[in-house]
Amino acid sequence: MPSRTQRIRRLLPAAIIASATALALTGCEPGVLAPSESPSPSASSSPTATPSPSATTPVESPEPTPAPTGSALPTTPPVAGDVPCSQVYTADQLYAFNPNFAPSSDAGTLPGAIADIVDAGGTVCAYQHVTGGDRLVVGVLQQPDGFQAPAFETVGDLGVATAPSGGTIVSVASQYFTSEQDAREVLDQVLANLG
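Just so we're aligned: the sequence shown equals residues -24 to -1, 1 to 171 in mature numbering (1 follows the signal peptide of the UniProt record, and there is no 0).
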């Protein structure tokens, strides 16, 4: 009586050959194990001729279209005022602030000092998160003539920071600002843009 080890040694080559044969045969017809989406040829289908260009049919080559030159990027006008938003806060600065923000023509309810800037004739630009409700609102007032606002205030869920520089006052508001320091970079960028 053969031992267990001898039986395994005798059956192992047969098992390997059977496995290799089965594996090789699965490659003979595509889609046996996992059917493909393309129809498989059947005995009833007949080949069809593909039309080829004839000598009488002129071959038209597509004309190249010129690349656009010097076109301006789409912009959103300010919510209020006359200074273009692209001068107030550039697209690169907005991307650095948050790449998911885009200009918006809807500022919603204007918070604190920004509402006062509109009342005084200033410019307001609004930006909104493309998939959420987070906002960035920037207000600019040039020649403020006695305009006063707190350096930082909280209005609802928005932090509003205001900074004067020369003859300009800038106010910025966002859910991301919990202190004047949080808003400092945006304030400085806007003030630098307006020179």
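We treat Cβ as the ideally placed atom computed from N, Cα and C, and that holds for glycine.
Reference residue i; option with closest CA among the options
i: A127; options: Q118, G142, R160, R111; result: R160
i: G88; options: G122, A137, L163; result: A137
i: G98; options: N74, G142, V59, P79; result: V59
i: T154; options: Y103, L134, L170; result: L134
i: N169; options: V146, R(-16), D158, P(-12); result: V146
Range covered by the beta strand (DSSP E) that runs through residue i
i: A78; result: 77 to 80
i: L112; result: 111 to 118
i: Y103; result: 99 to 105
Exposed unless 16 or more other CB atoms sit within 10 angstroms - verdict on residue i
i: G84; result: exposed
i: L117; result: buried
i: D164; result: exposed
i: D92; result: buried
Element boundaries [alpha helix (DSSP H), containing residue i]
i: F128; result: It is not in any alpha helix (DSSP H) - F128 instead sits in the beta strand (DSSP E) that spans 128 to 131.
i: V162; result: 156 to 170
i: L70; result: 67 to 73
Beta bridge counterpart(s) of residue i as assigned by DSSP
i: T138; result: S147
i: A56; result: V100
Alpha-carbon to alpha-carbon, residue j and residue i
i: G132; j: Y152; result: 13 Å
i: P120; j: V55; result: 19 Å
i: R111; j: D68; result: 17 Å
i: A125; j: V114; result: 14 Å
i: V148; j: D82; result: 16 Å
i: S141; j: V166; result: 11 Å
Closer than 6 Å: residue i CB and nearest the ligand PLP heavy atom
i: Q63; result: The ligand PLP is not among the ligands present in this structure, which contains no ligands whatsoever.
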